[in-house]
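Trainee: Heads up, the sequence shown is in the numbering used here, so the first residue is 5 and it goes up one at a time.
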Amino acid sequence: MIVAHIRANHRQYGKRASVARWLLSGIAVMLGFVGFGGFGGLVLPHSTAEFVHSVQLVLNAWYNAIGLLVLRLPKDFEKLDLPWSLQIARLLLPAMAIWVSIRAYLRVTQRGLRFLSLFGLADHLIVTGPGERAQIIARLAKAEDERGSVVYVTDREDHAVLADLHSAGVVILRAQLAERDTYHRANLKRARAIILAGNGSMDNISACETIRRVALDQRPFELDALSVVVAIDSPEMATVLDVSLNQARDERIEYRLLDSQDNIARGRPCHIFEGFSNRIW
């Protein structure tokens, strides 16, 4: 939980840093606009020609100020007698543009590398969404074991939520839960466990059957049994599923029903796997 708190503070710091970058960029653009426009001696236009000249002056100032973002410098920009506003803008704006570009490049590259790392994962945890319950489990699981890999599978979820999980170190996989290919891509055959924690009980049950087929077809015999934890919100449906899972015991798969009250509320996602032979519903 301490690690989770640190990550929350880090995300808060990231938001403040983003606001600061936008604020500095806005100030730099305004300084460039004022410096390029030379509005110190600007007077109100009294004729059409003066009005057109003023509009052209404003447009040129905006064009030159925005041009600093892409390192487009005017021909006379090396003069030593530039206004102080331009002196600041010509340094600050290109620096902010380069910084934002580098951050965006690193973010895209990191996301691609994490996705490619799916193919080499082993002994990892898979959590399926969508929903707040699944997000909490994925986030806490990653916080408790930073070196362990957590894959979050979802087919419909807000981009901001997924970006938050991604920043916490969770690998995001957008895919349909009922398709076999989804679990091939998540490297289910070498996973330690999978938690079906989405909001839809029927979706979780359907995904459970797909997971069972994939695991029996591809999971190596020398690996420990795959732990499959299923979240069912209806007690009646959970009872039926519990009986069904008891009748379908497989050597390479262990089934369990998730008690979200007992595990998630305590902030102990790994407690889900303690004493796996005992059911907790």
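Virtual Cβ for every residue (Gly too), placed ideally from N, Cα, C.
#1: For Glu161, which of Ala147, Arg178, Gly204 and His170 has the nearest alpha-carbon?
#2: Within 8 angstroms, do at least three Cβ pairs link the segment 223 to 233 to the segment 194 to 212?
#3: So Ala242 and Gly202 are in contact, right, with Cβ under 8 angstroms, and what is the actual spacing, rounded?
#4: In chain order, what are the residue ranges of uninterrupted alpha helix (DSSP H) at least 4 long that sit wholly in the segment 199 to 269?
#5: Can you name, in chain order, every residue of its own chain whose Cβ lies under 7 angstroms from the Cβ of Cys212, other than the five neighbours on each side?
#6: Rounded to the nearest angstrom, how far is the Cβ of Ser153 from that of His128, given a contact under 8 angstroms?
#7: Helix, strand or coil: which one does DSSP assign to Val174?
#8: Would you report the Cα separation of Ala219 and Trp103, rounded to the nearest angstrom?
#9: Would you say Leu96 and Leu28 are within 9 angstroms of each other, going by their C-beta atoms?
#10: 9 angstroms is my cut-off, CB to CB: does Ala142 come that close to chain D?
#11: On the three-state DSSP scale, how would you describe Ala126?
#12: On the DSSP bridge list, what partners appear for Tyr156?
#13: So which of Thr132, Val165 and Ala172 has the shortest CA-CA distance to Tyr156?
#14: Look up Ala197 in the DSSP assignment and give the residues it is bridged to.
#15: Can you give me the start and stop residues for the alpha helix (DSSP H) that Arg184 sits inside?
#16: My output table needs one value for Leu181: the three-state DSSP class, helix, strand or coil.
#17: From Leu63 to Ala164, what distance separates their C-alpha atoms?
#18: What would DSSP say about Asp168, mapped onto helix, strand or coil?
#19: If contacts are defined as beta-carbon pairs under 8 angstroms, then Ile92 and Leu35 qualify, I think. What distance do you get, rounded to the angstrom?
#20: Work out the CA separation of Ala182 and Gln60 for me, nearest whole Å.
#21: Where do the N-terminal and C-terminal ends of the alpha helix (DSSP H) with Ser58 fall, by residue?
Mentor: Reading it off the structure:
#1: Arg178
#2: Yes: at least three Cβ pairs fall under 8 angstroms.
#3: No, Ala242 and Gly202 are not in contact; Cβ-Cβ is about 15 angstroms, not under 8 angstroms.
#4: 205 to 222, 239 to 251 and 264 to 267
#5: If you ignore the 5 residues before and after Cys212, its C-beta comes within less than 7 angstroms of the C-beta of Leu200, Val232 and Val234, all in its own chain and listed in chain order.
#6: 4 angstroms
#7: coil
#8: 45 angstroms
#9: Against a cut-off of 9 angstroms, the Cβ pair of Leu28 and Leu96 comes out as a contact.
#10: No chain D is part of this structure, which consists of one protein chain only.
#11: Residue state, collapsed to three classes: coil.
#12: Val131 and Ile176
#13: Thr132
#14: DSSP output for Ala197 lists Leu129 and Ser231 as bridge partner(s).
#15: Arg184 to Arg189
#16: coil
#17: 36 angstroms
#18: helix
#19: 5 angstroms
#20: 60 angstroms
#21: Thr52 to Gly71
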